[in-house]
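Just below is one structure, and these are the notes that go with it.
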């Protein structure tokens, strides 16, 4: 994915490791494995009430591309090893595809050769590779452009977060296990999740994202529009089923006079009165905050019995799956949304020449 | 866009021509410029009540890649000339960006060199190039895989289409100017559009799309998921602000037990009881109909006066724009959605080897 | 081909038109169809003694991407129509592949659907699309970087050009029909070609190319090395069978102490004493002139009778082909080598940020 | 590199590891780390007389994409750790670029952030990643198409190998330290290398490659011709300065009647009497053996004193470098040429549908 800041992801849920190669990161960015691990911690299960007991320690190994603490311009390869995996439940259901999962499509597509343990290549586990790449991309766009990315949980099941100030989002979004910047709403969300858990079920939700201080001019018209590339990235997160920018689906019921963001001058700069466009006009960022929302489906793996088909015998069967799974994956997807957004913005910033292949001369080490 | 069935679009609203090059189309597909023109007709303004009076005759010239009526395997270049353009209104507002339009971002990104006449490269006019490519892609996947694509208007302003049978969609969607397969609802939609027009305003809407008889196994996990590539294509349509697959944003309020599509056997084939996934699991088609919806914003160009900024003087000004524009662009986007869907499916069918580089030996002419 | 300055070629020898789309050309470059035609003239047959009598007028139509004389940043599509084609000789030998030509491989690859008239997609005619793209690329790198590209014929059959000054290359290379900057040697080359023509045969040769004043730092290590991308482009010219940089094949017999270009300081700049590397070290330009040579095979179409196989009957047959062909295609490939070199350099200059997406503010028209 | 069988290389000479990710390898190919290590052994220094004393054990770790001994269709990541590195000599010459090396261009391009130890990203060490990818590609095309790749040293300094039978190449090419299939010539080559070593110098050479039993129809006309893609890959091998197919540079002095490969029928198949085209016509394989040669320059690192420039002071200095280096790198490049050839052929076989995304049903394990 990407053209200038390119990432390649690899790894499976229960395989040896999950990793990423970043090709095209500029030389001269200070980065450490500790910083990458700090980002990975954000997607780790934080609360037994809502998450799987699987412990992911996620020690990052930087295999290449970083020298004396700085990126070199060469490809950066990073991995985390997979630990504490229990593949037994998956061996038992090898021929029984789990509803809502990729088991069936993977088996057909790969002729049965796919690694089915823990969802294999289709597991949420692989988003660790996105977060590793995102850690580098976030730092890159923050240092060079001052751009900041804030994602947060805005809905879990029926519980919706109302209007909220950016300052609170920045400070509070990672302060609770559901990644909702309003503590009261967060509590309600936790309760919804706990209830679903008790009932052997799962819940979905919505993640919102705000990009502050984006450069003007990112995105190319037509096929490489910023919306095109952001949505392509976001739909690569397992369980994301919808993406909308700015007013999104609400535009259907809006009049042009209402939806159009009228231009004003503020502090000598061109801005818009409203931001229904989500900061993107004609596929190109206009300098206003970029805003979007994604819908995350309820975890497909649930303890409740479900109908399935034995793919060997083609007989109807009942599935009772015992693998460990989060009751709600929305909170874990929050840093993943931030990560992929950073990767896309880094890529487009490089494409349009806003970030150069060698960073500024302030480094102590040239 | 694409990897095997690759398309490159070019042209501007008031330039010489709009065109497309298809690189990678298999050899041996029978195609004529007439067939391409027939598809183009579907995106043409059909009714003065809701559309611009601009007449687009759209005579297709196939410049390469077709020989004796069949594709040759070489790149297919096709163009339509731009006629009857009136660029005067655009000269008058050269420094006054229209709210909701790409005028401002384009000027910043291209340093003022962009062709601003009729929106230039950002005009809906360029979707003619998508439709030309789609005409070839549609025929390709229909002939080789029996796959059919049906898009239709499901909402205009507050008027929503209810449940509808596939058979009616197939027959009736192009029978009225709003491309809604239910004539009664279509009438209501027309009225909503007429009212907005009278009021110097515009309206948005929603387009739904169903892909019937898709092959199983299209899409790659992670970055080239079918959802990723379809959404990337759909967001390249000007005015599209949201994309959802299957149950889309509704998954936020669903339980796993409700959203999961349980597997059954029907006619010896594995199917699912419901289709909340929209026919895509793990980013890969599962053989069920692929379903998605896109939100189209209200036409940004409206007769009503709007606030804008003179980009030369940075002074606030009032904009009253006199260019011709559809009051609702939803109907014209319907065939465009079909076209780009066909292009993405053709590309993925070729990637996974379901469509070969030379089509079957039934041709009379080898 | 390319990543930032991307070109897509289309068209066949006897089809409607030959054309190119350039995607990614910066906004603000002044360009006219006349300038492109001037480049095309350089590849036109100039002398009946050595070339085909086919007249190629090559009137360039710019279909998009240029507005008021300047590039807009949008894709630039250009075409030339094919005129005065005589396809009759090709109909006669439809099942008799010409030795040395793509007739056989094309027929197998495209299942017989390929346009076989005049070699179709495999004709030297398609290099007109390279030259059109090259006209833009040449101007781009000349205006922004001061880089100049000089290709010339250095060998035809046994006649070799000796050492020659750059100044003479610049002035004289297009002063004679063989594109050799030494008039005396040029005369000998013409005689070699005339002799071959009289004998119903054809001759090959070598083209050398010097890039003056290239920027330092073009090319990426490993797969996108400058040598990799230049050679990829050069081997897309029909009839090119070998490419070497700097000392090329001679390095096999050189010692390291002899082949290494030792570093010196000249006018405060780092240079090398010799230039055996051809200006490229580790796949990256080092600021010295980039030098390379390509071998062009003798025209495969010759009047002499040759052995071939009837692909329908699989019987051995004798081929006497009557199509019109140059006895030596080396001279016509000279501007093509320049064009593709310019395209690759423009692309790499944009990749490394040396050329921006909007050109300098000197334009009168912003 | 590549479109369907895509490889991404990473790692530096003295970094943590060198590795590769293969994206797009079909599911169902049996592969073990042992097989990959066996290929890596072929590029290991085998003889103190001609090679560096650095010991490369090259234990391969497969991190992903292989499950129960078979490829899964997911990306395959493989690494070898770097061991026994001595970076001291490189610290000493940090500001003294070695002639013939990428030290200077790398420093300029990456602003001094590049990993300069052992040549970093520009080291021959990175070809280990090519060989790992090649091990998979070789097995893939061998099992599915029966295609075999034989590279060998045909020249070292002035010593040239004459005509040789394919059978001997297959059996003897890896039987001696210079990878020359004729033991007598090999001895002479060793002596040339030893002499250069004694004299503090190095020597270059030529590698030839024959691809036996290639499929017909690989390669696309114009930019993705088989020659284009093979040469792009081959020029990514450090030290390669020239590539020629079939008769290569000799075509300059040949007549068309001599160079054209006339068609004949043999065993009911279309073949050519000669193979001057090197098995490629119009950029597409014609079924005859694919033949090409590459020139490898003499190792730039030599004990002899050389002129260089201190990049900090811009003063002229004398360089006496003490790092360990092969006197002749030609032999080590032989398996690298085979590996990259296999990767390109695997990629093109997948592009044209000759190799499917899931391999045949003969696997015991579905």
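Residue numbers (the numbering used here), protein chains in the order written: chain A, 53 to 418; chain W, 53 to 418; chain R, 53 to 418; chain G, 53 to 418. Think of the CB as a built atom: it goes at the ideal place given N, C-alpha and C, for glycine as much as any other residue. Keep in mind that this is a model prediction, so the values were computed, not measured.
- Identification of chain A residues near residue 300(W) by a Cβ-Cβ cut-off of 7 Å yields 293, 294, 347, ordered along the chain.
- Between the alpha carbons of residue 207(G) and residue 214(G) lies a gap of roughly 9 Å.
- Taking a C-beta cut-off of 7 Å against chain R, the contacting residues of the region 161 to 195 of chain G are 161, 173, 174, 178, listed in chain order.
- Taking 8 Å as the threshold, the shortest C-beta distance from residue 405(R) to chain A falls below it.
- The continuous beta strand (DSSP E) containing residue 368(G) extends over residues 368 to 371.
- Note that the region 292 to 310 of chain W does not touch the region 357 to 369 of chain W; fewer than 3 beta-carbon pairs, one per stretch, sit closer than 8 Å.
- Contacts with chain R at 8 Å (Cβ-Cβ) do not include residue 54(W).
- Contacts with chain A at 8 Å (Cβ-Cβ) do not include residue 366(G).
- Beta-carbon to beta-carbon, residue 101(A) and residue 245(A) are separated by about 7 Å, close enough to satisfy the 8 Å threshold.
- Taking a Cβ-Cβ cut-off of 9 Å, the neighbours of residue 410(G) in chain A comprise 161, 162, 163, 164, 165, given in sequence order.
- Using a Cβ-Cβ cut-off of 8 Å, residue 131(A) counts as an interface residue toward chain G, since at least one Cβ of chain G sits closer than that to its own.
- Here residue 349(W) is buried, its C-beta having at least 16 other C-beta atoms within 10 Å.
- Shown here, residue 86(W) sits in a helix according to DSSP, grouped into three states.
- Approximately 4 Å separates the beta-carbon atoms of residue 131(R) and residue 71(R); this is inside 8 Å, confirming the contact.
- Interface residue (Cβ-Cβ distance to chain G less than 8 Å): residue 307(R) is classified as such.
- Approximately 15 Å separates the beta-carbon atoms of residue 338(W) and residue 299(W); this is outside 8 Å, ruling out the contact.
- Pairwise C-beta distances place the region 131 to 148 of chain G in contact with the region 161 to 169 of chain G, as three or more of them are shorter than 8 Å.
- Residues of the region 58 to 84 of chain R that bring their beta carbon within less than 8 Å of a beta carbon in chain W comprise 60, 61, 62, 63, 64, 67, 68, 69, 70, 71, 73, 75, 79, 80, in sequence order.
- One finds nothing in chain R with a Cβ atom closer than 9 Å to the Cβ of residue 275(W); even the nearest lies about 17 Å away.
- Residue 321(R) is bridged by DSSP to 318(R).
- Closer than 7 Å at the C-beta level to chain A, one finds these residues of the region 240 to 256 of chain W: 248, 253, 254, 255, 256.
- The alpha-carbon separation between residue 156(W) and residue 358(W) amounts to approximately 15 Å.
- The beta-carbon of residue 269(R) is placed less than 8 Å from the nearest beta-carbon of chain G.
- Counting only the Cα atoms, residue 397(A) lies some 20 Å from residue 407(R).
- Per DSSP, residue 192(A) lies in no beta strand (DSSP E); the unbroken alpha helix (DSSP H) holding it starts and ends at 179 to 197.
- The beta-carbon distance between residue 270(W) and residue 400(W), rounded to whole angstroms, is 4 Å. This is short enough to meet the 8 Å contact definition.
- Per the C-alpha coordinates, the member of 322(R), 373(R), 266(R) positioned closest to residue 309(G) is 373(R).
- In this chain, residue 280(R) is not harboured by any beta strand (DSSP E); it is covered by the alpha helix (DSSP H) spanning 278 to 286.
- If you draw a straight line from the Cα of residue 386(R) to the Cα of residue 235(R), it is about 16 Å long.
- Within chain A, the residues placing a beta-carbon under 7 Å from that of residue 116(G) are 62, 63, 64, 67, 68, 69, ordered along the chain.
- If you ignore the 5 residues before and after residue 325(W), its C-beta comes within less than 7 Å of the C-beta of 313, 314, 316, all in its own chain and listed in chain order.
- Contact annotation for residue 156(G) against chain A: no contact, minimum CB-CB distance about 15 Å [criterion: below 9 Å].
- With a cut-off of 8 Å on Cβ pairs, the region 220 to 237 of chain R is not in contact with the region 272 to 282 of chain R, counting fewer than three such pairs.
- Under a criterion of Cβ atoms nearer than 8 Å, the residues of chain G adjacent to residue 351(R) are, in order, 308.
- What residue 209(R) touches in chain G, judged by beta-carbon distance under 7 Å, is 305, going in chain order.
- If you look at residue 219(A), you'll find it in the alpha helix (DSSP H) that goes 218 to 224.
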